[in-house]
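Colleague:
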Amino acid sequence: AQKVTQAQTEISVVEKEDVTLDCVYETRDTTYYLFWYKQPPSGELVFLIRRNSFDEQNEISGRYSWNFQKSTSSFNFTITASQVVDSAVYFCALSEAASGSGGYQKVTFGIGTKLQVIP
Amino acid sequence: NAGVTQTPKFQVLKTGQSMTLQCAQDMNHNSMYWYRQDPGMGLRLIYYSASEGTTDKGEVPNGYNVSRLNKREFSLRLESAAPSQTSVYFCASSEKAGTGGTYGYTFGSGTRLTVV
Chain Z
342 AQKVTQAQTE ISVVEKEDVT LDCVYETRDT TYYLFWYKQP PSGELVFLIR RNSFDEQNEI
402 SGRYSWNFQK STSSFNFTIT ASQVVDSAVY FCALSEAASG SGGYQKVTFG IGTKLQVIP
Chain V
5 NAGVTQTPKF QVLKTGQSMT LQCAQDMNHN SMYWYRQDPG MGLRLIYYSA SEGTTDKGEV
65 PNGYNVSRLN KREFSLRLES AAPSQTSVYF CASSEKAGTG GTYGYTFGSG TRLTVV
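Have a look at this one:
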């Protein structure tokens, strides 16, 4: 069974601080996909990144970076020089490649980490 | 703008009433999903449609039905609403990756449903 743990329920940082959101996953598959989504106070869910299990390269996109380590089953998300607009709930998710009915690949979401950036 | 359109945005129902949540996507995605979001529980899958003409149960299907009307539209129906169905509902769509796994979902803006 697949599982995603986001142990940090809420984090508060002061603007311009760096912050790392932790994500630990469990899966028996050797092929799987990891995701991060952002849910700002307005409520919509926004896809941020997808990473497959064969690619352990870190990813950087502006102030955002992701550290994928298979050895520790972690896919952590770091925001550098945080801004108030980064205040949101962030969800980590895992999809196994094994096909379910009709080719569906089950996606399991963590419970989310609420990040508050204080000006 | 391309995306997933979900209606209504807000709804209050009395226990026992029925309603249908509508969802449409214009990205030509094959797969569509209905999730509910509850505090402390993340997103839980209610039903999904891997492709046009197919629907399957997710983690929490009880009390719901779905219809994949065509490739664009996927509706969620509550036949007899209960207070336990008070939640925020999200529709999503995705295109299957050729090598397995799924690209990121595109979500609708959500429906906040309250059952009293």
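Residue numbers (our numbering), protein chains in the order written: chain Z, 342 to 460; chain V, 5 to 120. Heads up, the beta-carbon is just placed ideally off N, CA and C, and yes, glycines get one too. Keep in mind the model is a prediction, meaning the values are calculated, not measured.
(1) Give the residues of chain Z in contact with PHE111(V), contact being defined as C-beta atoms less than 7 Å apart.
(2) Can you list, in chain order, the stretches of the beta strand (DSSP E) that have 3 or more residues and sit fully within the region 52-98 of chain V?
(3) Who are the near neighbours of THR419(Z) in its chain, counting only those whose CB is closer than 6 Å to its CB and skipping five residues on each side?
(4) DSSP three-state call for LYS447(Z): helix, strand or coil?
(5) Identify every residue that forms a DSSP beta bridge with GLN424(Z).
(6) Apart from the five residues just before and just after PHE450(Z), which ones in its own chain have a Cβ nearer than 7 Å to its Cβ?
(7) If you compare alpha carbons, which of VAL387(Z), GLN410(Z), GLN424(Z) is closest to ARG404(Z)?
(8) Note down the Cα distance separating THR371(Z) from ARG391(Z), rounded to an integer number of angstroms.
(9) Using the beta-carbon of each residue, which ones in chain V are nearer than 7 Å to ARG391(Z)?
(10) Nearest to TYR373(Z) by CA position, among SER415(Z), GLN347(Z), GLU358(Z), is which residue?
(11) Would you kindly work out how many angstroms separate the C-alpha atoms of ALA342(Z) and LEU375(Z), rounded to a whole number?
(12) When burial is assigned at 16 or more other CB atoms within 10 Å of the CB, is SER383(Z) buried or exposed?
(13) Between which two residues does the beta strand (DSSP E) carrying MET36(V) extend?
(14) DSSP three-state label for SER402(Z), please.
(15) Determine, using beta carbons only, whether GLY114(V) comes closer than 7 Å to chain Z.
(16) Candidates GLN457(Z), LYS447(Z), ILE401(Z): which alpha carbon is nearest ASP427(Z)'s?
(17) Along chain Z, in chain order, which residues have C-beta atoms closer than 7 Å to that of PHE78(V)?
(18) What residues are listed by DSSP as bridge partners for VAL120(V)?
(19) So which residues on chain Z does PHE14(V) lean against when the C-beta distance must stay under 7 Å?
Modeller: Well, looking at it:
(1) GLU385, LEU386
(2) 68-72, 78-82, 91-98
(3) THR361, SER406
(4) coil
(5) GLN424(Z) is not bridged to any residue.
(6) VAL345, PHE432, ALA434
(7) GLN424(Z)
(8) 16 Å
(9) TYR107, GLY108
(10) SER415(Z)
(11) 15 Å
(12) exposed
(13) 35-42
(14) strand
(15) yes
(16) GLN457(Z)
(17) Neighbours of PHE78(V) on chain Z: none; closest Cβ ~13 Å, over 7 Å.
(18) In the DSSP output, where bridge partners are listed per residue, VAL120(V) has none listed.
(19) Near PHE14(V) there are no residues of chain Z at all, since even the closest Cβ is about 11 Å away, more than 7 Å.
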